[in-house]
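What follows is a set of notes on a single structure, which appears directly below.
Residue numbers (the UniProt record's numbering), protein chains in the order written: chain B, 1 to 325; chain A, 1 to 170.
The structure is reproduced here in structure tokens:
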């Protein structure tokens with residue numbers, strides 16, 4: 001691990017001042033991904049600014065039914081929140097299906113959103129990876145890519161985003177609150193936080209130097225009926241092969257409102273907009289839901305090792321909507 | 001790049017001069033010679049390094065020592081009450097909750113944190129009812145899910161679950 005300076009920020013302005021003009025500075029939240037990547041030599045910061053003590057560690061329920069979850073809120077705290085559990089069940093299910101309990105006591109909401117891909121080549125400095133080392137190539141496309149993305153990818157990178165929580169946040173239309181270094185607030189819809197790789201996969205988000213995620217705003221839920229289901233290679237403590245978060249309101253036997261997001265298939269939580277449009281107003285059977293799911297994958301770029309995810313996603317969305325109806 | 005760090009370990013303040021790169025796990029083992037906490041994968045995947053941080057279980061391999069200064073760290077060495085083992089330590093012996101023993105300190109610290117989570121009403125991924133706020137009834141499925149961050153390569157899981165279930169009162 002490269003030697004680094006460490007500083008603990010006591011207020012947001014101090015955090016921004018500490019990282020200003022320091023290109024190799026990083027913010028430290030729970031550290032469960034950052035510290036690991038530093039050990040692996042994937043990340044080599046010269047300055048680590050600890051922001052875990054900043055006052056963004058509360059879950060505030062608003063009179064309109066919306067919620068502001070602080071960026072420094074840790075998973076254990078979020079899992080205990082009664083209002084989230086009763087009114088945003090897909091979020092709680094996603095949270096509790098991610099990582100292990102030991103990691104959830106430390107990992108923060110902001111850090112969850114900014115965690116890095118678990119592509120094995122990104123984490124191995126002995127292999128090419130355009131995301132880690134611009135221009136070095138992608139070892140995953142001709143290599144082991146079973147767990148990687150099938151849509152939103154490019155010839156430069158096929159990494160998938162590993163978060164469970166972010167998938168539920170996408171289904172709930174969350175908005176990420178960002179503090180700019182000058183103190184101004186910037187609001188970023190969850191769907192726009194992560195950039196698609198294109199030919200610059202090393203630019204992973206729309207955040208700029210010094211930007212700090214201070215919270216995530218949830219608007220009032222579109223429907224109380226919601227869940228999260230995760231398919232993985234072992235029953236617990238594994239990343240998703242494919243996961244789905246769905247929020248559904250049925251009106252007079254037909255789909256009144258539906259929001260569906262997938263994990264494990266794309267470089268960011270992947271909303272199925274085309275599927276939702278196709279389903280609203282219908283009384284769909286499983287095959288209709290499968291067909292509607294395939295609409296959202298019209299631009300998919302599956303690889304030989306992960307093309308099965310398209311069928312799996314269609315089956316999973318059908319199963320979850322059947323459960324919610 | 002280094003500095004004095006006050007670590008509060010098992011109720012005692014210990015002042016160490018540490019490089020910023022030192023993890024809590026290495027501070028415990030290499031600097032304080034508290035070798036009960038084990039290094040398995042060193043990447044947060046096996047749980048052998050689990051300690052209690054302010055009463056909550058955490059992977060000490062993923063924590064920078066400098067970042068936990070002033071917080072209460074409890075290791076397996078701090079669990080017994082004098083010569084009296086912690087109830088979970090007794091239960092692991094009674095139920096053959098280990099074979100080689102390497103994962104055991106992490107298993108026991110993790111189980112203590114887990115019991116506190118369940119008592120506080122924290123649901124898990126296998127809980128049918130998310131909205132309930134009462135203490136969770138820990139059946140075998142709940143225990144297995146909640147302990148999935150601790151691997152045992154000897155495969156002593158049956159004994160581990162039985163030991164935890166006994167202490168949980170199930």
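Each residue gets a CB set at the ideal place from its N, CA and C atoms; glycine is no exception.
From a predicted model like this one, the values you see are computed outputs, not experimental measurements.
Asked	Found
Within 8 Å, do at least three Cβ pairs link the stretch 219-226 of chain B to the stretch 296-309 of chain B?	no
State buried or exposed for residue 214 of chain B, treating a residue as buried only when at least 16 other CB atoms are found within 10 Å of its CB.	buried
From this set, A:82, A:155, A:135, which residue's C-alpha is nearest residue 144 of chain A's C-alpha?	A:155
Counting pairs of Cβ atoms below 8 Å between the stretch 251-258 of chain B and the stretch 102-112 of chain B, do you hit three or more?	no
Measuring only between beta-carbons, confirm whether residue 148 of chain A sits less than 7 Å from chain B.	yes
Taking three-plus beta-carbon pairs below 8 Å as touching, is the stretch 131-151 of chain B in contact with the stretch 84-98 of chain B?	no
Could you check which residue in A:60, A:33, A:56 has the C-alpha nearest to that of residue 41 of chain A?	A:60
What in chain B is Cβ-close to residue 117 of chain A, meaning under 9 Å?	76, 79, 80, 101, 105
What distance in whole Å lies between the Cβ atoms of residue 60 of chain B and residue 67 of chain B, which are believed to be in contact at a cut-off of 8 Å?	7 Å
Can you tell me which residues form a DSSP beta bridge with residue 243 of chain B?	B:230, B:263
Does any CB atom of chain B fall closer than 7 Å to the CB of residue 165 of chain A?	no
Name the residues in the stretch 3-21 of chain B whose C-beta lies less than 7 Å from a C-beta of chain A; which are they?	3, 4, 5, 6
With DSSP as the reference, identify every bridge partner of residue 68 of chain B, one or two as the case may be.	B:60, B:217
Go ahead and pull the three-state DSSP assignment for residue 191 of chain B.	helix
What would DSSP say about residue 126 of chain A, mapped onto helix, strand or coil?	coil
Express the C-alpha separation of residue 150 of chain B and residue 165 of chain A in angstroms, rounding to a whole number.	43 Å
Comparing the C-beta of residue 71 of chain A with each C-beta of chain B, is any distance below 7 Å?	no
For residue 164 of chain B and residue 147 of chain B, I'd like the C-alpha separation in whole angstroms.	14 Å
With 8 Å as the limit, tell me which residues of the stretch 80-98 of chain B have their beta carbon closer than that to any beta carbon of chain A; keep them in chain order.	80, 82, 85, 86, 89, 92, 93, 96, 97
Which two residues bound the contiguous beta strand (DSSP E) that contains residue 3 of chain A?	2-9
Mapping the DSSP letters down to three states, classify residue 202 of chain B as helix, strand or coil.	coil
For residue 330 of chain B, which beta-bridge partners are listed by DSSP?	The first residue shown for chain B is 1 and the last is 325, placing residue 330 of chain B beyond what the model contains.
What residue from A:139, A:146, A:8 has the CA that sits closest to residue 252 of chain A's CA?	Outside the displayed span of chain A (1 to 170) sits residue 252 of chain A, for which this structure offers no information.
First and last residue of the beta strand (DSSP E) that includes residue 27 of chain B?	25-28
In angstroms with no decimal places, state the Cα-to-Cα distance between residue 315 of chain B and residue 290 of chain B.	6 Å
State the Cα-Cα distance for the pair residue 190 of chain B and residue 100 of chain A, rounded to the nearest angstrom.	46 Å
Can residue 242 of chain B and residue 309 of chain B be called in contact, C-beta distance under 7 Å?	yes
Residues in its own chain within less than 8 Å of residue 121 of chain A by CB, not counting five upstream and five downstream?	132, 133, 134, 135, 136
Which of the three DSSP states, helix, strand or coil, is assigned to residue 273 of chain B?	helix
In the DSSP assignment, what residue or residues form a beta bridge with residue 84 of chain A?	A:81
Cβ atoms of residue 42 of chain B and residue 27 of chain B: under 7 Å apart, would you say?	no
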